[in-house]
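K.L.:
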Amino acid sequence: MSLPDLVEQPELLRALEPEELAGALLRYLVILSSNKRNTLNRDNFCRRFQGKSEETVMAIMEAWVWLEREICIAPLPFSGNSGSVFVTRTGYRLAESCNLPGDMRANLLPKGVLHPVIAQAVWSAFIRGEYTMAVLEAFKQVEVAVREAGHFATSEIGVPLMRKAFHPDSGPLTDNSADPGERQALSDLFAGAIGSYKNPHSHRNVILADRNEALEVIMLASRLLKIVDARTAGLSRDPHASAPPTPT
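So the sequence shown is numbered by the working numbering: it starts at 403 and just counts up by one.
1. Between the Cα of residue 659 and those of 403, 541, 405 and 472, spot the shortest distance and give me the residue it belongs to.
2. Would you kindly work out how many angstroms separate the C-alpha atoms of residue 524 and residue 480, rounded to a whole number?
3. Just how far apart, CA to CA, sit residue 474 and residue 484?
4. Taking residue 420 and residue 464 to be in contact with their CB atoms under 8 Å, please state how far apart those CB atoms are, rounded to whole angstroms.
5. Grab me the residues of residue 461's own chain with a C-beta within less than 8 Å of its C-beta, minus the 5 sequence neighbours each way, in chain order.
6. When the Cα atoms are used, what is the spatial distance from residue 549 to residue 555?
7. What residue from 561, 535, 568 and 536 has the CA that sits closest to residue 551's CA?
8. Runs of 4 residues minimum, wholly inside the region 457-498: which ones carry the alpha helix (DSSP H) assignment?
9. Is there contact between the region 606-625 and the region 529-548, where contact requires at least three CB pairs shorter than 8 Å?
10. With 16 other CB atoms within 10 Å as the buried threshold, where does residue 522 fall?
11. Could you give the DSSP three-state label for residue 442: helix, strand or coil?
12. Is the beta carbon of residue 428 closer than 8 Å to that of residue 469?
13. Which whole-angstrom value is the C-beta distance of residue 570 and residue 562, which I expect to be below 8 Å?
14. Please report how far the alpha carbon of residue 592 lies from the alpha carbon of residue 573, in whole angstroms.
15. Quick one: Cα of residue 547 to Cα of residue 519, how far?
16. Less than 7 Å separating the Cβ of residue 547 from some heavy atom of the ligand COA?
17. Looking at C-alpha atoms only, which residue of 453, 622 and 487 is the closest neighbour of residue 412?
18. To the nearest angstrom, report how far apart residue 514 and residue 529 are at their CA atoms.
19. Which of the three DSSP states, helix, strand or coil, is assigned to residue 554?
20. Residue 452 by DSSP, collapsed to three states: which one?
21. Taking 8 Å as the cut-off, decide whether the C-beta atoms of residue 476 and residue 467 are in contact.
22. If we require 4 or more residues per run, which alpha helix (DSSP H) segments fall completely within the region 559-606?
23. Please look up how many angstroms separate the CB atoms of residue 596 and residue 544, rounded, as I've assumed it's under 8 Å.
24. Might you give, ordered along the chain, the residues of its own chain that have their beta carbon closer than 6 Å to the beta carbon of residue 431, omitting 5 neighbours on each side?
25. With DSSP collapsed to three states, give me the class of residue 406.
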């Protein structure tokens with residue numbers, strides 16, 4: 403994705419770390435440098451993005467400074483105090499080979515398919531490659547949603563909360579019109595997911611480095627939240643719905 407395209411998607415742009423955004427910026431500077439009439443410096447480059455948010459322009463400048471530090475751009479000789487720069491030999495080499503990790507991750511995890519809570523709380527961390535944080539936050543949101551939908555006390559957490567909320571006979575989020583085996587299976591699904599993906603991260607340092615595994619787990623959390631939404635909506639229509647427990 404080009405820098406102009408990223409500017410039109412400010413949320414994605416701001417989710418990228420400077421070194422990730424620098425890839426798109428460098429390629430754009432190479433294109434501009436091909437026209438010898440273009441003089442590149444921070445000031446006139448920023449003017450290309452007039453009308454965009456301050457946060458967007460500041461993110462671009464962070465990437466610019468990263469390129470300077472890595473000697474991908476350097477002061478143009480004999481340019482006086484203009485602040486003009488040129489793309490270095492290192493810059494051209496990197497421009498030919500670099501990709502945009504955050505951009506690729508965004509394509510893997512499109513926000514439109516996620517539950518809105520997951521999209522808000524988790525997406526940016528995933529884009530930055532913070533997979534452990536993204537997974538922990540995803541299942542924290544599942545736990546919060548189940549607790550609120552079932553009207554449980556804040557002290558109710560983890561697997562026991564899931565078992566109570568989706569108890570096949572008395573759980574407030576149980577679908578009493580479903581087959582008993584399906585009710586048990588849904589209870590097992592929620593309890594197993596929380597036990598496998600939230601509890602370990604809460605109790606000890608668990609590092610999740612596999613992008614694809616993180617993607618799959620986040621999608622599971624998104625699906626669980628959609629199930630909670632469906633059960634919450636169904637409670638008012640289900641005359642046989644279990645009465646919510648009294649908070650203690």
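Even for Gly, the Cβ is constructed at its ideal location relative to N, Cα and C.
P.N.:
The structure says:
1. As displayed, the chain neither begins before 403 nor continues past 650, which places residue 659 out of reach and without an answer.
2. 48 Å
3. Rounded to whole angstroms, residue 474 and residue 484 show a C-alpha spacing of 19 Å.
4. 4 Å
5. 415, 416, 418, 420 and 423
6. 7 Å
7. Per the Cα distances, 568.
8. none
9. yes
10. exposed
11. strand
12. Yes; because the gap between Cβ atoms is below 8 Å, this pair is in contact.
13. No, residue 570 and residue 562 are not in contact; Cβ-Cβ is about 15 Å, not under 8 Å.
14. Between residue 592 and residue 573, the C-alpha separation is close to 12 Å.
15. Distance between the alpha carbons of residue 547 and residue 519 is about 10 Å.
16. Among the components modelled here there is no ligand, and therefore nothing to report on the ligand COA.
17. Of 453, 622 and 487, the residue nearest in Cα terms is 453.
18. 15 Å
19. coil
20. coil
21. no
22. 560-567, 582-599 and 601-605
23. 7 Å
24. 489
25. Helix.
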